[in-house]
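See structure below.
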Amino acid sequence: MRTALLATAASAVAASNSFDRQVYEREFFEHMNKFNLQFKDGEEFVRRLQVFSDNYDMIQEHNKGQHTFTLGLNQFSHLTLAEFHDAVHLGGVRPPNLRRNPSGPVHTAPANLSEIPAAIDHVANGAVTDVKNQGSCGSCWAFSTVGALESAYYLKYGKLLVFSEQELVSCDNVDLGCNGGWMDDAFTWVKGNGGLTTADQYPYSSASGTTGTCKTSGYTNIPEVAPQSFTDVAAGSVDALASALAKQPVSIAIQANQLAFQSYSGGVLSGVRCGQRLDHGVLAVGYGTDNGIDYWKVKNSWGTSWGEGGYIRIEKSSADLCGVLDAASYPNL
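Letter by letter, the sequence shown follows residues 29 to 361 of the numbering used here.
Structural data, given as structure tokens:
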């Protein structure tokens, strides 16, 4: 099979200067093996080869330049940008508006900005669970919500438990499972639900894109993780988000439908066109400075093969890159 595919590949790219057979053998088959990819026929194989070669060339060209971040191959490298959107269901965060409780508490910047630490990293401090993978389900909102609750629970009770995204995806009747949701609504649902169970008791099963039916037995919710309320962070304020992060990890929404996100591999994302049309829920877990560039450290839910072991660092500035500052909130246990 491999020999036949190599012959097909050599023929398909014979007229192309961008992708020779040696690069194909070294990179594309390694990619296929690493991510256990199979294609339905030769036509699909050749199409994937061309998409991969285009992405490979784009990555190589970017990394030759003077940029603050690098691109690399990952599980999305055989996909076009449109297919990448579909693969991770960008648009899976669906805010009916950016503030569901406009009369609720709002976290603002302290009057004395010296109270804000120069840097914070809740991952290094042990308050963040391992990176997870939402798969082909628009459940980013659930991963952001659960991540914030896991960290809040650890900071209050000193125990890092892994809670269940699946309970939210399948049982939260306010949000839309694999078709999207919103972190503020999910915090409210968890409160009304009397808490969440652990991932061991209710493991994630929606990676293929199916929301699933809510289980009504076989697990026990932990009431202490039910938030009493949630607090919105003042929109547009770097200092407000930084001071909130000094307390605990914060759920945020960003615009991630960019080539830079598809192939991001490391460094501080800056100097890109990335707007505020929020389509993806993630978890801000800290901030710092790298080579003079301030950044937000963000936990994603695309597995550890993407980014910096599943994390991305986004430039921290009033320019509000990717909408980081637009809709942040955190639970109060």
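Where is the CB? At the ideal position from N, CA and C, for every residue including glycine.
If we ignore side chains and look at the alpha-carbon of each, how far apart do residue 59 and residue 73 end up? Within the sequence shown, numbered from 1, the residue matching residue 59 stands at position 31. Within the sequence shown, numbered from 1, the residue matching residue 73 stands at position 45. Taking the straight line joining both Cα atoms gives about 13 angstroms.
Identify whether residue 83 lies in helix, strand or coil by the three-state DSSP scheme. If you number the sequence shown from 1, residue 83 lands on position 55. Residue state, collapsed to three classes: helix.
Please state the DSSP three-state secondary structure of residue 293. Within the sequence shown, numbered from 1, the residue matching residue 293 stands at position 265. Residue state, collapsed to three classes: strand.
Taking residue 221 as part of the alpha helix (DSSP H), name the residues at either end of that continuous run. Against the sequence shown, residue 221 aligns to sequence position 193. Start and end: 211-221.
Round the Cβ separation of residue 235 and residue 175 to the nearest angstrom and send it over; I've been treating them as touching at under 8 angstroms. Here the question's residue 235 lines up with position 207 in the sequence shown. Here the question's residue 175 lines up with position 147 in the sequence shown. Contact flag wrong, Cβ pair sits at about 17 angstroms.
Under DSSP, the alpha helix (DSSP H) around residue 339 begins and ends at which residues? Your numbering for residue 339 matches position 311 in the sequence shown. Unbroken run through residue 339 is the beta strand (DSSP E), 339-343; no alpha helix (DSSP H).
Whole alpha helix (DSSP H) runs in the segment 83-119 with 4 or more residues, listed along the chain? 109-115
Among 314, 327, 259, 341, the one whose alpha carbon lies nearest that of residue 358: Counting from one through the sequence shown, the residue named residue 358 turns up at place 330. It is 259.
Could you have a look at residue 308 and say whether DSSP puts it in helix, strand or coil? Sequence index remark: in the sequence shown, residue 308 carries index 280 (1-based). In this structure, residue 308 counts as strand in the three-state DSSP scheme.
Does DSSP classify residue 346 as helix, strand or coil? If you number the sequence shown from 1, residue 346 lands on position 318. Three-state DSSP puts residue 346 in coil, outside helix and strand.
When burial is assigned at 16 or more other CB atoms within 10 Å of the CB, is residue 341 buried or exposed? The residue you call residue 341 lines up with position 313 of the sequence shown. By the 10 Å Cβ count, residue 341 comes out buried.
For the segment 88-103 against the segment 322-338, are there 3 or more C-beta pairs whose distance is under 8 angstroms? yes
By alpha-carbon positions, which one of 324, 253, 293 ends up nearest to residue 363? Missing from the structure shown is residue 363; the chain here goes from 29 to 361 and no further.
Suppose you measure from the CA of residue 356 to the CA of residue 50; what does that come to, to the nearest Å? As a position in the sequence shown, residue 356 is number 328, starting the count at 1. As a position in the sequence shown, residue 50 is number 22, starting the count at 1. Taking the straight line from one Cα to the other gives about 47 angstroms.
Residue from 338, 301, 288, 346 whose Cα sits closest to the Cα of residue 99: What you label residue 99 is simply residue 71 of the sequence shown in a count that begins at 1. Among 338, 301, 288, 346, the Cα nearest to that of residue 99 is on 288.
Quick one: what's got a C-beta closer than 6 angstroms to residue 151's C-beta in the same chain, skipping five residues either side? Along the sequence shown, one-based indexing puts residue 151 at 123. These residues qualify, in order along the chain: 313.
Around the Cβ of residue 141, are there at least 16 other Cβ atoms within 10 angstroms (buried) or fewer (exposed)? Working through the sequence shown from its first residue, we reach residue 141 at position 113. Looking at its Cβ environment, which holds fewer than 16 other Cβ atoms inside 10 Å, residue 141 is exposed.
Less than 8 angstroms between the beta carbons of residue 183 and residue 155, yes or no? Taking the sequence shown and counting its residues from 1, one reaches residue 183 at position 155. Taking the sequence shown and counting its residues from 1, one reaches residue 155 at position 127. Cβ atoms of residue 183 and residue 155: closer than 8 angstroms.
Quick one: using the 10 Å Cβ neighbour count with 16 as the cut-off for buried, is residue 94 buried or exposed? Here the question's residue 94 lines up with position 66 in the sequence shown. Classification of residue 94: exposed, given that the 10 Å Cβ count is below 16.
Assign residue 230 to buried or exposed, taking buried as 16 or more other Cβ atoms, counted over all protein chains shown, within 10 Å of its Cβ. Here residue 230 corresponds to residue number 202 of the sequence shown, with the count starting at 1. So residue 230 counts as buried.
Determine the direct distance from the alpha carbon of residue 160 to that of residue 192, and round the result to whole angstroms. Working through the sequence shown from its first residue, we reach residue 192 at position 164. Working through the sequence shown from its first residue, we reach residue 160 at position 132. Taking the straight line joining both Cα atoms gives about 11 angstroms.
Name the DSSP beta bridge partners of residue 326, please? On the sequence shown, position 298 is the one that residue 326 refers to. Answer is 312, 340, bridged to residue 326.
Between which two residues does the beta strand (DSSP E) carrying residue 357 extend? What you label residue 357 is simply residue 329 of the sequence shown in a count that begins at 1. It spans 357-360 - the beta strand (DSSP E) in which residue 357 sits, taken as one unbroken run.
Here's the rule I'm using: 16 or more other beta-carbon atoms within 10 Å means buried, otherwise exposed. How should residue 347 be labelled? As a first step, residue 347 is located in the sequence shown; it is residue number 319 there, counting from the start. It is exposed - the Cβ of residue 347 has fewer than 16 other Cβ atoms within 10 Å.
Does the contact criterion of 3 or more C-beta pairs under 8 angstroms hold for the segment 203-223 versus the segment 268-278? no
Is it buried or exposed, residue 291, if we count other Cβ atoms within 10 angstroms and call 16 or more buried? Here residue 291 is taken as the residue at index 263 of the sequence shown, counted from 1. Its Cβ being crowded by 16 or more others within 10 Å, residue 291 is buried.
Since I believe residue 148 is in contact with residue 339 (beta carbons under 8 angstroms), could you give me their beta-carbon distance rounded to a whole number of angstroms? Your numbering for residue 339 matches position 311 in the sequence shown. Your numbering for residue 148 matches position 120 in the sequence shown. Not a contact, Cβ separation roughly 14 angstroms.
Following the continuous beta strand (DSSP E) through residue 260, name the residue where it begins and the one where it ends. The residue given as residue 260 occupies position 232 in the sequence shown. First-last of the beta strand (DSSP E) with residue 260: 257-261.
In DSSP terms, what residue 166 is bridged to: Along the sequence shown, one-based indexing puts residue 166 at 138. DSSP output for residue 166 lists 207 as bridge partner(s).
I think residue 63 touches residue 76, with their Cβ atoms under 8 angstroms apart; what is that distance to the nearest whole Å? Numbered from 1 along the sequence shown, position 35 holds the residue referred to as residue 63. Numbered from 1 along the sequence shown, position 48 holds the residue referred to as residue 76. No, residue 63 and residue 76 are not in contact; Cβ-Cβ is about 11 angstroms, not under 8 angstroms.
Contact check, residue 177 vs residue 109, beta carbons under 8 angstroms: Position 149 of the sequence shown holds residue 177. Position 81 of the sequence shown holds residue 109. Their beta carbons are not under 8 angstroms apart, which means residue 177 does not touch residue 109 by this criterion.
Considering only residues of the same chain and omitting the five flanking positions on each side of residue 205, which have a CB-CB separation below 6 angstroms? Here the question's residue 205 lines up with position 177 in the sequence shown. Hits under 6 angstroms: 197, 239.
Can you say whether residue 248 is buried or exposed, counting buried as having 16 or more other CB atoms within 10 angstroms of its CB? Position 220 of the sequence shown, counting from 1, holds the residue named residue 248. With fewer than 16 other Cβ atoms within 10 Å, it is exposed.
When DSSP labels each residue in this structure, what does residue 225 get in the three-state scheme? Within the sequence shown, numbered from 1, the residue matching residue 225 stands at position 197. Coil.
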